[in-house]
Amino acid sequence: MEIVMINETNDTSADVYQSDFKQIAARACSILHKDKPYTMSVIFVTPEKIHEINAMYRHIDRPTDVISFAMQDDMSNVLIEEEEEELGDIFINVQAIRDQAREYGHSQRREACFLFCHGLLHLFGYDHMTPEDEKVMFALQDEILDEVASREV
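All residue numbers for the sequence shown refer to our numbering, where the first residue is 1 and numbers rise by one.
In structure tokens:
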């Protein structure tokens, strides 16, 4: 899987996760039986930027930790045939990585990997709007993540 990383912040700590994200993507594809040559983007943003995105697209007027936009949800976005394997974009709030790692008592690496994995599962069509869907999605997150980024601090 090709992962295009874009850092729109002055926070360079987010630049170290590409190999982890590639491992997570490979593990997710294996577990989910996805074997196409997918591409996607991960964009690291500030709390202010993700707040703006959340308000504009989800009509929720507050910052969040991660937002995904799945390309496959709307095939009218596909311009040429080669782009059919474009999964979409994941926006990750760099401040949420630090804050939530502290709050949940694990490393920033684990939190960044969790947010990426969560966003990736959304790109593959998983959601957590019902208790049943949440159970499935969160179990997959644990299965994918635990071998890549442990829960330990």
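Cβ coordinates follow ideal geometry from the N, Cα and C atoms, glycine included.
These numbers come from a predicted model, not from an experiment.
{"Check": "Beta carbon of residue 5, beta carbon of residue 38: below 9 Å?", "Outcome": "no"}
{"Check": "Between which two residues does the beta strand (DSSP E) harbouring residue 70 extend?", "Outcome": "66-70"}
{"Check": "Name the residue from 91, 114, 67, 87 whose alpha carbon lies nearest to the alpha carbon of residue 100.", "Outcome": "114"}
{"Check": "Starting from residue 42 and walking both ways along the beta strand (DSSP E), at which residues does that stretch end?", "Outcome": "39-45"}
{"Check": "Please list the segments of the alpha helix (DSSP H) lying wholly inside the segment 102-135, counting only runs of 4 or more residues, in order along the chain.", "Outcome": "108-123"}
{"Check": "Strictly by DSSP, which residues pair up with residue 138?", "Outcome": "According to DSSP, which records beta bridges pairwise, residue 138 is partnered with nothing at all."}
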